[in-house]
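Just so you know, we're using this note's numbering here: the sequence shown kicks off at 541 and counts up by one.
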Amino acid sequence: MRPKGEVSFNLEALEGVEPLELQFFKPPRKAIRLRFSGGFEVIVTVGRNPLAYDRRNLINFVTSLYSFLLNGAIARVDGGVGVLKVVGDELAVIRDGRVEKITRDKKVEGEVKDRVEEFLTLMEFLNEGEES
């Protein structure tokens, strides 16, 4: 039986999210660190917790977080302006009626540039070494 409850975060206070490998587990576990203003941090990894029971849940948590942070944001991507959208565990820009996947080779500009970089880094980290 899985525990039920609610965890809430003030996302306006979120300063950054970064990948983390917890070496004290054998074998080491992938995790993410959420840094909030005031020095408050939350580390989420796969295990017995309400956020991520397995790798897929951890990825879903990250995509839900970044859906809130990025969906609908306007950004300049490779010189053209479009609207960002998290689709599955990928990021896309919608412009001129087309949907384009955002990858590392795309130049993203605007207020959300750092959040886009965080999302791409986290997805690469969480998916590395995993089979599709």
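Note that beta-carbon positions come from the ideal geometry of N, C-alpha and C, so glycine has one too.
Could you spell out the range, first to last residue, of the beta strand (DSSP E) harbouring residue i?
i, result
"E555", "554-562"
Which partner residues does residue i have in the DSSP bridge list?
i, result
"L574", "V557, V582"
"R569", "L562"
"L610", "For L610, which the question treats as bridged, DSSP gives no partner whatsoever."
Quick one: what does DSSP say residue i is sitting in, helix, strand or coil?
i, result
"R655", "helix"
"V664", "Sequence check: residue 664 is Glu here, not Val. DSSP places E664 in helix when its eight states are reduced to three."
"V547", "coil"
"I634", "strand"
"I642", "coil"
"R616", "strand"
"R596", "helix"
How many Å lie between residue i and residue j at the Cα?
i, j, result
"F580", "T661", "22 angstroms"
"G578", "P559", "20 angstroms"
"S672", "L551", "Here the model assigns S672 a pLDDT of 47, short of 50, so the residue's position is not dependable and the matter cannot be decided."
"V621", "I642", "13 angstroms"
"K647", "V633", "12 angstroms"
"D629", "D594", "15 angstroms"
"V623", "R596", "26 angstroms"
"R635", "D654", "20 angstroms"
"L603", "D618", "Note on residue identity: the sequence assigns Thr, not Leu, to residue 603. If you take the alpha carbons of T603 and D618, they lie about 23 angstroms apart."
"F665", "F659", "10 angstroms"
"L554", "R588", "24 angstroms"
"V547", "F565", "24 angstroms"
"V639", "K570", "31 angstroms"
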